[in-house]
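Beneath this line is the structure, given in structure tokens, with notes to follow.
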Amino acid sequence: MTGPTRPEEAAFAGLLCGLAARYPDLPPVWITGNGSAEADTVTPDGAVHEPDRIGFGLVHVDYDTLTRTPKDSYHWYRGLITAHRARTEEAAR
Numbered sequence: 000m001t002g003p004t005r006p007e008e009a010a011f012a013g014l015l016c017g018l019a020a021r022y023p024d025l026p027p028v029w030i031t032g033n034g035s036a037e038a039d040t041v042t043p044d045g046a047v048h049e050p051d052r053i054g055f056g057l058v059h060v061d062y063d064t065l066t067r068t069p070k071d072s073y074h075w076y077r078g079l080i081t082a083h084r085a086r087t088e089e090a091a092r
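Quick note: the sequence shown uses numbering that gives the first Met the number 0, first residue 0, plus one each step.
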């Protein structure tokens with residue numbers, strides 16, 4: 000089978016095709032994945048460890064208590080931003 004098979008796939012494909020038609024000079028767009036919606040588990044150390052899902056959500060929210068727990072992704076992204084800022088500031092000198 001070719002092409003989208005679910006409504007959300009058709010909508011996403013339509014969005015991408017619409018962007019390409021409206022803005023023909025856009026650079027290529029690479030779709031590499033859309034994450035993995037799985038239950039988060041806050042471990043006894045008070046963290047959400049997710050080595051296979053870095054980048055899928057930054058903060059776990061307990062909807063009963065509204066407690067927010069930073070995930071491993073949060074710390075990874077924080078490091079990425081810090082490293083980028085350091086390189087940018089160094090280049091500006």
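Backbone N, C-alpha and C fix where the C-beta goes; we use that ideal spot for every residue, glycine too.
Separation of residue j from residue i, as counted between CA atoms
i, j, result
"residue 55", "residue 28", "19 Å"
"residue 69", "residue 36", "17 Å"
"residue 0", "residue 65", "Unreliable positioning characterises residue 0 in this predicted model, as indicated by a pLDDT of 44, which lies under 50. The coordinate reading is nonetheless provided below. Distance between the alpha carbons of residue 0 and residue 65 is about 43 Å."
"residue 45", "residue 59", "11 Å"
"residue 85", "residue 79", "10 Å"
"residue 57", "residue 76", "8 Å"
"residue 43", "residue 52", "19 Å"
"residue 90", "residue 83", "11 Å"
"residue 81", "residue 50", "20 Å"
Three-state class that DSSP yields for residue i in the structure shown
i, result
"residue 26", "coil"
"residue 39", "coil"
DSSP bridge partner residues for residue i (one or two, in chain order)
i, result
"residue 68", "59"
C-beta neighbour in chain C for residue i, strict 8 Å
i, result
"residue 88", "Here chain C cannot be found, since the structure has a single protein chain."
Residue i vs residue j beta-carbon contact at 8 Å
i, j, result
"residue 71", "residue 41", "no"
"residue 25", "residue 18", "yes"
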